[in-house]
Amino acid sequence: MKIRYFLQLEGAAIFGLALFIYAYLGGSWWLFGALILVPDLSMIGYAFGLKVGTFCYNLMHNYILPAALAMMGVYLNDALLIQIAIIWFAHIGMDRMIGYGLKYSSGFKHTHFTRL
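Taking the working numbering, the leading residue of the sequence shown gets 16, the next gets one more, and so forth.
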């Protein structure tokens, strides 16, 4: 089995887990629907060139920031921050599941999936 498929299965697992936790915590599905594609607004960075676009896209499509947001939400006991973090995790997992990965500055279609 190709590594790409393991990465896609891993993305599916994260996506499924995020949906499960979101439902378990009673998250607002209206909020989920409204925010699920917000991280893709980072693609606007590509209007300023490949390097800026790659940085913006990768900043919003890795697990570091949503993990920090989730920890802040738990620490502050803020349900909204936790919901936003879970939605963000779900988005990244969904992207990985369908084969979108972190980008290289050599081109939008060059990802950690295609370079493996």
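Glycine included, C-beta positions come from ideal geometry on N, C-alpha and C.
With a Cβ-Cβ cutoff of 9 Å, do residue i and residue j count as a contact?
| i | j | result |
| --- | --- | --- |
| residue 41 | residue 101 | no |
| residue 111 | residue 33 | no |
| residue 31 | residue 108 | yes |
| residue 128 | residue 61 | no |
Could you give the residue range of the alpha helix (DSSP H) that holds residue i?
| i | result |
| --- | --- |
| residue 124 | Counting along the chain, residue 124 falls outside any alpha helix (DSSP H), though it belongs to the beta strand (DSSP E) covering 122-126. |
| residue 73 | 65-75 |
| residue 114 | Unbroken run through residue 114: none, as it is neither H nor E. |
| residue 60 | Taken as a continuous stretch (DSSP letters only), residue 60 belongs to no alpha helix (DSSP H), as it is neither H nor E. |
| residue 79 | 79-91 |
| residue 36 | 18-39 |
| residue 52 | Per DSSP, residue 52 belongs to no alpha helix (DSSP H) and is neither H nor E. |
My assumption, with CB atoms under 8 Å, is that residue i sits in contact with residue j. Please give the rounded CB distance.
| i | j | result |
| --- | --- | --- |
| residue 105 | residue 51 | 7 Å |
| residue 39 | residue 98 | That belief does not hold up - the Cβ atoms of residue 39 and residue 98 are roughly 12 Å apart, past 8 Å. |
### Task
Report yes or no: do three or more beta-carbon pairs, one from the segment 113-121 and one from the segment 70-87, lie closer than 8 Å?
yes
### Task
Check whether the segment 53-71 touches the segment 82-91, counting contact only when three or more Cβ pairs, one atom from each stretch, lie closer than 8 Å.
no
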